[in-house]
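Written out below as structure tokens is the structure these notes cover.
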Amino acid sequence: MSERKPTAVVLGGSLAGLLAARALASTGARVTVVERDALPSGPEPRKGLPQARHVHQLWSGGARALEELLPGAQDALRAAGVNRVPVTTDMVVLSAHGWYRRWPESAFMLPAGRDLLDRVVRDLVLADDTIELLDRTEALGVTGTGQAVTGVRVRGDGAERTLDADLVVDATGRGSRAAHWLMELGLPEPARREVDSGLTYASRLFRAPEGAARKGFPVVSIEPGQRGSGSGRGGVLLPVEDGKWLVTLIGGRADDPPATGAEFLRYAREELRHPLIGELLTHAGPLTGVTVTRTTANRRFFHERSPRWPERFVVLGDALCALNPVYGHGMSVAAQSAVALRDAVLRQGGPGAPGLARRAQRAVGRTVRAAWDLAIGADVFYPGATQTGPTVRDRLVSAYVGRLLLTATGNGRVARRVTDVTSLEAGAQVLLAPRMLLAAAVGPLRPPLSGPPMTTAERKAAGLL
177 MSERKPTAVV LGGSLAGLLA ARALASTGAR VTVVERDALP SGPEPRKGLP
227 QARHVHQLWS GGARALEELL PGAQDALRAA GVNRVPVTTD MVVLSAHGWY
277 RRWPESAFML PAGRDLLDRV VRDLVLADDT IELLDRTEAL GVTGTGQAVT
327 GVRVRGDGAE RTLDADLVVD ATGRGSRAAH WLMELGLPEP ARREVDSGLT
377 YASRLFRAPE GAARKGFPVV SIEPGQRGSG SGRGGVLLPV EDGKWLVTLI
427 GGRADDPPAT GAEFLRYARE ELRHPLIGEL LTHAGPLTGV TVTRTTANRR
477 FFHERSPRWP ERFVVLGDAL CALNPVYGHG MSVAAQSAVA LRDAVLRQGG
527 PGAPGLARRA QRAVGRTVRA AWDLAIGADV FYPGATQTGP TVRDRLVSAY
577 VGRLLLTATG NGRVARRVTD VTSLEAGAQV LLAPRMLLAA AVGPLRPPLS
627 GPPMTTAERK AAGLL
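The letter at position 113 of the sequence shown is residue 289 when you use the working numbering, and the numbering goes up by one with no holes.
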């Protein structure tokens, strides 16, 4: 007789849940993915992912984690039309400290429409016959005690039942009820922190001008500033698949986000710190209406600090740490967290091994630190931000990171280290190396750029010349 395979249930069928399922299947478990929505068969929108209309990209740290979990995933994305953008070589970025130079490649990103990214990952994950999808099925709560979770209660097709499991993973996103479920088991309320910058996003898809639709047109970003006049106003133009531009405009708490096409173009031309995005859109053709989102708060549960934690239960993805989408780290953190989960299961000996849940939760918690610090280190200082802080640490980190970002505008070595961290290729500790401290003290080695570093060919391609 064959030995029983361990079982796992993953709650949530978005990217974080699918990658967690793949991670667990690679350890020998049979996995059931429970998803409330009906998942589409193609690159189509779904109800439970309203933020999908805004800019998305996988930073190289996340792309490498994705490839580790799903060999061939990057090739599949490229075959679907996703371009590889070298950072900062193919980027035109105005930071709060000035224009960045287009330094030689130090990292990369994979920008795409979220529906396409999800479809490619979903197809690769569900090709594994040890992973079963139960969509149109709602998770009602976990079963077990404060010592160990034994399964999850679900409702689908009007009937309730219990799925027993050696491990339950909550990847249900911002709407997670994990904290409530834990307290129902008699466990203490988990520590949490929330920082809401008050930023609002408005996004629209465009057909790029014919000359700019080819591979290699740069990402254009006017980053919002946390202080001063027009705080929070910014925008990103992301060349995505099929010769399209996905554009997200950002507004602060006091701004009215553009909700119509005419307002969208005016805001891009007149309200940002530089009109470049608006100028580019003058020659692009709109393909969709404007989508507005106000759900941009950062929220983190510190489950790894809990004095008591049940066996057989792990929380990851946005259910653990939801980040302001402006920094583009959510998907990359999810991929790295899934790798951390897989490695913890393999080290511990299987999904139901004693002590696994605590170790896995701590490992997953470590994967979110850099992205969390980067997000709140900026967002906590927006005027009117709702927060628990800023703390003394926030102020010190913000001051030092600001100095590094200024230095990066005119120092290629510092720019490379900063992009190592922002792309999640390295942890924030690399920014504290003695060489970096000295460089920050010295400041930029080159004078500031007077305007956007676009080439003549790029301007012609976009219709600006």
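Note that the Cβ used here is the ideal one computed from N, Cα and C, for glycine as well.
When you compare the CB positions of Val573 and Gln537, do they come within less than 8 Å of one another, or not? Locating residue 573 in the sequence shown gives position 397, counting from the first residue. Locating residue 537 in the sequence shown gives position 361, counting from the first residue. Cβ atoms of Val573 and Gln537: not closer than 8 Å.
- Task: Starting from Arg380, follow the beta strand (DSSP E) in both directions and report where the run begins and ends.
- Result: As a first step, residue 380 must be located in the sequence shown, where it is residue number 204. Thr376 to Arg383 is the span of the beta strand (DSSP E), which, as asked, contains Arg380.
task: Apply the 10 Å Cβ neighbour rule to Gly541 and answer buried if 16 or more other Cβ atoms are within range, or exposed otherwise.
output: For this step, residue 541 is matched to residue 365 along the sequence shown. So Gly541 ends up on the buried side.
Practice task
Alpha carbon to alpha carbon, how far is Arg481 from Met177? Give it in angstroms, no decimals.
Solution key: Counting from 1 along the sequence shown, the entry for residue 177 is found at position 1. Counting from 1 along the sequence shown, the entry for residue 481 is found at position 305. No answer about Met177 holds up, because its pLDDT of 41 lies below 50 and its placement is not dependable.
*If you run the structure through DSSP and keep just helix, strand and coil, what is Ala283?*
Mapped onto the sequence shown, residue 283 falls at position 107. Reduced to three states, the DSSP call for Ala283 is strand.
When the Cα of Trp279 is compared with those of Val268, His273 and Gly289, which residue comes out closest? Working through the sequence shown from its first residue, we reach residue 279 at position 103. Of the listed residues, the one whose Cα sits closest to Trp279 is Val268.
Three-state secondary structure (DSSP) of Gly650: Lying outside 177 to 641, the shown extent of the chain, residue 650 is not represented and no answer is given.
query: From Arg180 to Asp340, what does the alpha carbon distance come to, in whole angstroms?
result: Mapped onto the sequence shown, residue 180 falls at position 4. Mapped onto the sequence shown, residue 340 falls at position 164. Between Arg180 and Asp340, the C-alpha separation is close to 14 Å.
Problem - 8 Å Cβ cutoff met for Pro486 and Leu581 - result: The residue given as residue 486 occupies position 310 in the sequence shown. The residue given as residue 581 occupies position 405 in the sequence shown. No; because the gap between Cβ atoms is not below 8 Å, this pair is not in contact.
Runs of beta strand (DSSP E) lying entirely within the region 450-492, each at least 3 residues, in chain order:
467-469, 474-477 and 489-491
Query raised in the report: When DSSP labels each residue in this structure, what does Ala205 get in the three-state scheme?
Result: For this step, residue 205 is matched to residue 29 along the sequence shown. Ala205: coil per DSSP, three-state reduction.
Which residues does DSSP list as the beta-bridge partners of Ala184?
The count along the sequence shown starts at 1 and reaches residue 184 at position 8. Per DSSP, Val207 and Leu343.
**Prompt:** Can the beta-carbon of Ala516 be found less than 8 Å from the beta-carbon of Thr543?
**Reply:** Mapped onto the sequence shown, residue 516 falls at position 340. Mapped onto the sequence shown, residue 543 falls at position 367. Going by C-beta atoms, Ala516 is nearer than 8 Å to Thr543.
| Supposed close pair Ala616, Thr583 - CB separation, criterion 8 Å | Position 440 of the sequence shown, counting from 1, holds the residue named residue 616. Position 407 of the sequence shown, counting from 1, holds the residue named residue 583. The pair is a contact, with the Cβ atoms about 5 Å apart (cut-off 8 Å).
Taking the alpha carbon of His479 as the reference point, which residue from Ala638, Ala355 and Ser513 has its own alpha carbon closest? Translated into the one-based positions of the sequence shown, residue 479 becomes position 303. Ranking the options by Cα distance to His479, first place goes to Ala355.
Entirely within the region 232-282 and at least 3 residues each: give me those beta strand (DSSP E) ranges in chain order. 233-235, 261-263 and 267-271
- Task: Measure the Cβ-Cβ separation of Asp266 and Gly392 and say whether it is below 8 Å.
- Result: Working through the sequence shown from its first residue, we reach residue 266 at position 90. Working through the sequence shown from its first residue, we reach residue 392 at position 216. Cβ atoms of Asp266 and Gly392: closer than 8 Å.
* Asked: Taking DSSP as the reference, what is the three-state secondary structure of Pro628?
  -> Residue numbering aside, residue 628 sits at position 452 when the sequence shown is read from its first letter. Coil, per DSSP.
Per-residue DSSP class, three states only, for Leu300:
Position 124 of the sequence shown, counted from the first residue, corresponds to residue 300. Three-state result, Leu300: helix.
message: Looking at Val330: is its Cβ nearer than 8 Å to the Cβ of Thr319?
response: Counting from one through the sequence shown, the residue named residue 330 turns up at place 154. Counting from one through the sequence shown, the residue named residue 319 turns up at place 143. Their beta carbons are not under 8 Å apart, which means Val330 does not touch Thr319 by this criterion.
query = In whole angstroms, what separates the C-alpha of Arg229 from that of Arg535?
reply = Position 53 of the sequence shown, counted from the first residue, corresponds to residue 229. Position 359 of the sequence shown, counted from the first residue, corresponds to residue 535. The straight-line gap from Cα to Cα measures roughly 35 Å.
Check: How is the alpha helix (DSSP H) around Asp549 delimited, first residue to last?
Finding: For this step, residue 549 is matched to residue 373 along the sequence shown. Where Asp549 is concerned, the enclosing alpha helix (DSSP H) stretches over Arg545 to Asp555.
Exercise. Go ahead and pull the three-state DSSP assignment for Gly322.
Key: In the sequence shown, counting from the first residue as 1, residue 322 sits at position 146. Correct three-state label for Gly322: coil.
Assuming Tyr443 and Leu425 form a contact by the criterion Cβ under 8 Å, report the distance between their Cβ atoms to the nearest whole angstrom. Numbered from its first residue, the sequence shown carries residue 443 at position 267. Numbered from its first residue, the sequence shown carries residue 425 at position 249. Confirmed, about 6 Å.
For this session: Could you tell me the boundaries of the alpha helix (DSSP H) in which Thr598 lies?
Result: Locating residue 598 in the sequence shown gives position 422, where the first residue counts as 1. That run of the alpha helix (DSSP H) goes Gly588 to Thr598.
With distances taken from CA atoms, which of Ala435, Val344 and Arg449 is nearest Pro628?
Locating residue 628 in the sequence shown gives position 452, counting from the first residue. Minimum Cα distance to Pro628 is reached at Arg449.
Where Thr436 and Ala546 are concerned, what is the direct C-alpha to C-alpha distance, given to the nearest angstrom? As a working mapping, residue 436 is identified with position 260 in the sequence shown. As a working mapping, residue 546 is identified with position 370 in the sequence shown. Approximately 36 Å between the Cα atoms of the pair.
Q) To the nearest angstrom, how far is it from the Cα of Leu245 to the Cα of Pro501? A) To locate residue 245, count along the sequence shown from 1; it is residue 69. To locate residue 501, count along the sequence shown from 1; it is residue 325. About 23 Å.
- request: Give the range of the beta strand (DSSP E) segment to which Thr306 is assigned.
  value: Counting from one through the sequence shown, the residue named residue 306 turns up at place 130. Where Thr306 is concerned, there is no enclosing beta strand (DSSP E), given that its DSSP letter is neither H nor E.
Starting from Asp678, trace the beta strand (DSSP E) both ways and give me its first and last residue. For residue 678 there is no data in the structure shown, the boundaries of the chain being 177 and 641.
Quick check: Gly322 and Arg484, are their CB atoms within less than 8 Å of each other? Taking the sequence shown and counting its residues from 1, the one referred to as residue 322 is at position 146. Taking the sequence shown and counting its residues from 1, the one referred to as residue 484 is at position 308. Yes, the pair counts as a contact, with Cβ atoms nearer than the cut-off.
Checklist line | Neighbourhood of Ala533 by C-beta, 7 Å cutoff - its chain only, sequence neighbours within 5 removed | finding: The sequence position of residue 533 within the sequence shown is 357, counting from 1. Cβ neighbours of Ala533 beyond the five flanking positions: Trp485, Pro486, Glu487, Arg488, Phe489 and Val490.
What did DSSP end up calling Thr583 once you bin it into helix, strand or coil?
Stepping through the sequence shown from its first residue, residue 583 is reached at position 407. Of the three classes helix, strand and coil, the one that applies to Thr583 here is helix, per DSSP.
So for Arg420, helix, strand or coil by DSSP? Taking the sequence shown and counting its residues from 1, one reaches residue 420 at position 244. Note that residue 420 corresponds to Lys in the displayed sequence, not to Arg. Looking at Lys420 - three-state DSSP - the assignment turns out to be strand.
Buried or exposed: where does Ser599 fall if 16 or more other Cβ atoms within 10 Å of its Cβ makes it buried? Walking along the sequence shown from the start, residue 599 turns up at place 423. Ser599 is buried by the Cβ-count criterion.
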